[in-house]
Every structure is written in C-alpha cells, then in structure tokens.
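Step one of this worksheet: look at the structure below.
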C-alpha cells in the first residue's frame, strides 16, 4: 500500500509539472510576439490574436494536468 501511494504522489507531481512548462512556453511565446510586433507594427492585430489563441491552448494543457493530479491525489488513496 505504501508503494502505491508513493507512485501516486510521483504521478501527481509529474502531472502538475505541466503548469510549470506551460508558464515557460507562454513566456517564450509572449517574448516572440513582442519581437514580431517590434519588427512589423502593422501586423499587431494578427500577432495578438494568434498569441491569445496559442496561450489559451497552452493553458488548457495546464488545467488538464492539474485535474489529473487532483484526481490522482484524492481518488487513488
């Protein structure tokens, strides 16, 4: 029983790491969007809409990882 609880804790920790990786990815994307707007200010609308769509998709991955970690912690006791 102790081994199973330990493995569930490791799995939950790995699942919650998606939030950390998502934050890194969104920061990188925002930096590249600022560079793109700096190089081509006329395309600010298109860059902004693409950035918002990409960040929304990345955030759903983080929420999914959080959901999986909560399920692992509270369902598999």
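In the numbering used here, the protein residues as written are 611 to 687.
In this text, a Cβ means the ideal position worked out from N, Cα and C, and glycines have one as well.
Everything numeric in this text was worked out from a predicted model, so none of it was measured.
According to DSSP, is residue i part of a helix, a strand, or is it coil?
i	result
residue 638	helix
residue 684	helix
Would you please state the rounded distance, in angstroms, between the beta carbons of residue i and residue j? I believe it to be under 8 Å.
i	j	result
residue 667	residue 643	That pair is no contact at about 15 Å.
residue 628	residue 665	Actually they are not in contact, since the Cβ atoms of residue 628 and residue 665 sit about 14 Å apart, beyond 8 Å.
residue 625	residue 659	Residue 625 to residue 659, Cβ: 30 Å. No contact.
residue 622	residue 673	Going by Cβ atoms, the distance from residue 622 to residue 673 rounds to 15 Å, so no, they are not a contact pair.
Using the beta-carbon count (16 or more within 10 Å), is residue i buried or exposed?
i	result
residue 616	exposed
residue 655	exposed
residue 675	buried
Find the nearest neighbour of residue i within the set the options, judged by alpha-carbon distance.
i	options	result
residue 640	620, 663 and 622	663
residue 634	677, 676, 669 and 685	669
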